[in-house]
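S.K.: Just passing along the structure, written as C-alpha cells.
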Amino acid sequence: MGYRVAVVGATGNVGREMLNILAERHFPVDEIAALASRRSLGTEVSFGDKTLKTQDLAQFDFSGWDMALFAIGSDATKEYAPKAAKAGCVVIDNSSLYRYDPDVPLVVPEVNPEAVEGYSKKNIIANPNCSTAQMVVALKPLHDRAKIKRVVVSTYQSVSGSGKEAIDELWDQTKGMYVPGQEVAPKVYPKQIAFNVIPHIDVFLDDGSTKEEWKMVAETKKIVDPNIKLTATCVRVPVFVGHSEAINIEFEEFLDEDEARDILREAPGIMVVDKREDGGYVTPVECVGDFATFISRIRQDPTIENGINLWCVSDNLRKGAALNAVQIAEVLGQRVLKKG
Ligand code: 2RA
Numbered sequence: 012m013g014y015r016v017a018v019v020g021a022t023g024n025v026g027r028e029m030l031n032i033l034a035e036r037h038f039p040v041d042e043i044a045a046l047a048s049r050r051s052l053g054t055e056v057s058f059g060d061k062t063l064k065t066q067d068l069a070q071f072d073f074s075g076w077d078m079a080l081f082a083i084g085s086d087a088t089k090e091y092a093p094k095a096a097k098a099g100c101v102v103i104d105n106s107s108l109y110r111y112d113p114d115v116p117l118v119v120p121e122v123n124p125e126a127v128e129g130y131s132k133k134n135i136i137a138n139p140n141c142s143t144a145q146m147v148v149a150l151k152p153l154h155d156r157a158k159i160k161r162v163v164v165s166t167y168q169s170v171s172g173s174g175k176e177a178i179d180e181l182w183d184q185t186k187g188m189y190v191p192g193q194e195v196a197p198k199v200y201p202k203q204i205a206f207n208v209i210p211h212i213d214v215f216l217d218d219g220s221t222k223e224e225w226k227m228v229a230e231t232k233k234i235v236d237p238n239i240k241l242t243a244t245c246v247r248v249p250v251f252v253g254h255s256e257a258i259n260i261e262f263e264e265f266l267d268e269d270e271a272r273d274i275l276r277e278a279p280g281i282m283v284v285d286k287r288e289d290g291g292y293v294t295p296v297e298c299v300g301d302f303a304t305f306i307s308r309i310r311q312d313p314t315i316e317n318g319i320n321l322w323c324v325s326d327n328l329r330k331g332a333a334l335n336a337v338q339i340a341e342v343l344g345q346r347v348l349k350k351g
C-alpha cells in the first residue's frame with residue numbers, strides 16, 4: 012500500500028522536477044494528482060512514463076490525501092497550504108513562507124531527518140532555500156567532526172533559481188548580443204545577465220545584505236546549529252541550471268584537509284571530485300540532472316588556525332528544491348506515516 016500524493020504547482024520548473032523525481036525514485040504512490048492554477052488547467056505533465064492532466068488547485072479537496080508537495084509562491088501557499096494541512100494532508104512546502112516558523116520543521120534529510128517528527132504542530136514541513144540545502148549537506152559531516160565556528164560563503168547562482176522567465180531572458184539576451192537590432196533589455200534582473208554577474212538576489216535589507224544572504228544565515232542556524240556564525244554574498248551568474256558556492260569554514264579545532272576529504276567522501280548525498288589537475292573539479296554544467304551535492308577544491312586555509320576551503324556544486328532544481336522535497340516525503344513515510 013502506498014501514498015496518495017499531490018504536487019501543487021505541477022507546471023513550474025520545480026513542480027515538474029518533483030514529478031520526475033517521485034517517478035525516478037519509485038516513491039510508493041497509490042495515486043498522484045498534478046495541481047495547478049486555473050489558467051494552466053488541463054496542461055499535460057509527465058510522471059514517469061505516464062501523462063497527467065493538471066487539475067484546478069482552487070477546486071481540489073485534499074481530504075484523504077497523504078502528502079502535498081508545494082512548489083508555488085508564498086502568496087498562493089498562504090491560501091492553500093493551511094487548507095491542505097487542515098484536511099489532514101501533510102504539506103511539504105518549497106516556498107519560504109514557513110521556513111522560519113518555530114512550529115514548522117525545516118529539513119534537509121542528510122542533515123536533520125529526525126526533525127520531520129515535529130510536523131504535526133501545523134501538519135507542514137518546510138524545504139530550505141536552494142543555496143542553503145547544498146551547503147548544509149557539506150557542512151554537517153564536517154561540523155560533527157570538528158565543530159564549525161564560522162562560515163564565509165560566496166554563491167554563484169544560476170538563473171533557473173528565478174524561474175522560466177529568467178532562463179528565457181539569459182537565452183534571448185545572449186543571442187541578442189550577436190544579432191544587431193535584437194538586443195534584449197534587462198527585465199527579470201536590474202542589470203544585464205548575459206556575460207555578466209549580479210551581486211543581488213532577492214531584496215536589500217537595512218544592513219546592506221540581501222534577503223537571500225539572510226536566508227542562508229537563518230536557515231543554517233535552524234537546520235545545523237544556532238551557534239554557527241555565517242556571512243554570505245549571493246551572486247547571480249549567467250548559468251542556466253546549477254548553483255556553485257565557494258565555502259570557507261573555520262572550526263573550533265584543527266581539521267586536516269585529507270581527513271576532511273575522507274569524511275566528505277563517506278557523507279550521505281555527497282560526491283567528491285577533487286584532483287589538483289586540469290578538470291579535477293566539478294562545474295555547474297556537469298551537475299544538471301544529478302542527485303548529488305558535488306564537492307571539489309578541498310584545501311587548508313593557511314590564513315587562520317583551523318580553516319578549510321571548498322567548492323560546492325549542485326542542481327538547484329533538484330537538491331536545491333524538488334529532490335530535497337521528495338527526500339522529506341521519503342523520510343516522513345519511513346519515520347511517521349509508515350505506509351508503502
Ligand atoms: C534563487 N534561491 O536562486 C533563490 C530562489 N530559488 O533565485
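Residue numbers (the working numbering): 12 to 351.
Note that the Cβ used here is the ideal one computed from N, Cα and C, for glycine as well.
#1: Residue 234 and residue 161 - do their beta-carbons sit closer together than 9 Å?
#2: Reducing DSSP to helix, strand and coil, say where residue 239 ends up.
#3: State yes or no: is the C-beta of residue 223 within less than 9 Å of the C-beta of residue 335?
#4: Would the C-beta of residue 331 count as close to the ligand 2RA, meaning under 8 Å from any of its heavy atoms?
#5: Please determine, among 77, 76, 328 and 106, the residue with the shortest C-alpha to C-alpha distance to residue 90.
#6: Can you find at least 3 beta carbon pairs, one from the segment 271-280 and one from the segment 138-158, that sit closer than 8 Å?
#7: Thinking just about the alpha-carbon of each residue, which of 346, 343, 303 and 344 is nearest to the one in residue 325?
#8: Whole alpha helix (DSSP H) runs in the segment 154-219 with 4 or more residues, listed along the chain?
#9: Between the Cα of residue 176 and those of 136, 209, 251 and 190, spot the shortest distance and give me the residue it belongs to.
#10: Compute the Euclidean distance between the alpha carbons of residue 16 and residue 61, then round it to the nearest angstrom.
#11: For residue 322, report the span of its beta strand (DSSP E) as first-last.
#12: Per DSSP, what kind of secondary structure is residue 14 in: helix, strand or coil?
#13: So which of 315, 309, 32 and 36 has the shortest CA-CA distance to residue 292?
#14: Between residue 52 and residue 18, what straight-line distance do the alpha-carbon atoms span, to the nearest angstrom?
#15: Leaving aside the five residues before and after residue 47 along the sequence, list all residues of the same chain whose C-beta is less than 7 Å from its C-beta, in chain order.
#16: Alpha carbon to alpha carbon, what distance is there between residue 45 and residue 92?
#17: Residue 57 lies in the beta strand (DSSP E); which residues open and close that run?
#18: Between the beta-carbon of residue 81 and the beta-carbon of residue 337, is there less than 9 Å?
#19: Thinking C-alpha only, which one of 124, 248, 146 and 342 is nearest residue 178?
#20: Mind listing, in chain order, the continuous alpha helix (DSSP H) runs of no fewer than 4 residues lying wholly within the segment 273-298?
M.R.: According to the structure shown:
#1: Residue numbering aside, residue 161 sits at position 150 when the sequence shown is read from its first letter. Residue numbering aside, residue 234 sits at position 223 when the sequence shown is read from its first letter. Cβ distance not < 9 Å, so residue 161 and residue 234 don't count as in contact.
#2: Within the sequence shown, residue 239 is the residue found at index 228, counting from 1. In this structure, residue 239 counts as coil in the three-state DSSP scheme.
#3: The count along the sequence shown starts at 1 and reaches residue 223 at position 212. The count along the sequence shown starts at 1 and reaches residue 335 at position 324. Not closer than 9 Å, so no.
#4: For this step, residue 331 is matched to residue 320 along the sequence shown. Yes, the Cβ of residue 331 comes within 8 Å of a heavy atom of the ligand 2RA.
#5: Residue 90 sits at position 79 when you count from the first residue of the sequence shown. Of the listed residues, the one whose Cα sits closest to residue 90 is 106.
#6: yes
#7: Reading the sequence shown from its first residue, position 314 is the one you call residue 325. That would be 303, whose Cα lies nearest to the Cα of residue 325.
#8: 175-187
#9: Working through the sequence shown from its first residue, we reach residue 176 at position 165. The candidate whose alpha carbon is nearest that of residue 176 is 251.
#10: One-based indexing of the sequence shown puts residue 16 at position 5. One-based indexing of the sequence shown puts residue 61 at position 50. Rounded to the nearest angstrom, the two C-alpha atoms are 15 Å apart.
#11: In the sequence shown, the residue the question calls residue 322 occupies position 311. Its beta strand (DSSP E) spans residues 318-325.
#12: Residue numbering aside, residue 14 sits at position 3 when the sequence shown is read from its first letter. Looking at residue 14 - three-state DSSP - the assignment turns out to be strand.
#13: Numbered from 1 along the sequence shown, position 281 holds the residue referred to as residue 292. Residue 292 has its Cα closest to that of 309, out of 315, 309, 32 and 36.
#14: The residue given as residue 52 occupies position 41 in the sequence shown. The residue given as residue 18 occupies position 7 in the sequence shown. For residue 52 and residue 18, the distance between alpha carbons rounds to 14 Å.
#15: Here residue 47 refers to the residue found at position 36 when the sequence shown is read from its first residue. 20, 21, 22, 54, 65 and 68, listed in sequence order.
#16: Residue mapping note: residue 92 aligns to position 81 of the sequence shown, counting from 1. Residue mapping note: residue 45 aligns to position 34 of the sequence shown, counting from 1. So the alpha carbons of these two residues sit roughly 15 Å apart.
#17: Start at 1 with the first residue of the sequence shown, and residue 57 comes out as number 46. Unbroken beta strand (DSSP E) run through residue 57: 55-58.
#18: As a first step, residue 81 must be located in the sequence shown, where it is residue number 70. As a first step, residue 337 must be located in the sequence shown, where it is residue number 326. Result no, Cβ atoms of residue 81 and residue 337 do not sit closer than 9 Å.
#19: For the purposes of this step, residue 178 is identified with residue 167 of the sequence shown, where counting begins at 1. The candidate whose alpha carbon is nearest that of residue 178 is 248.
#20: 295-298
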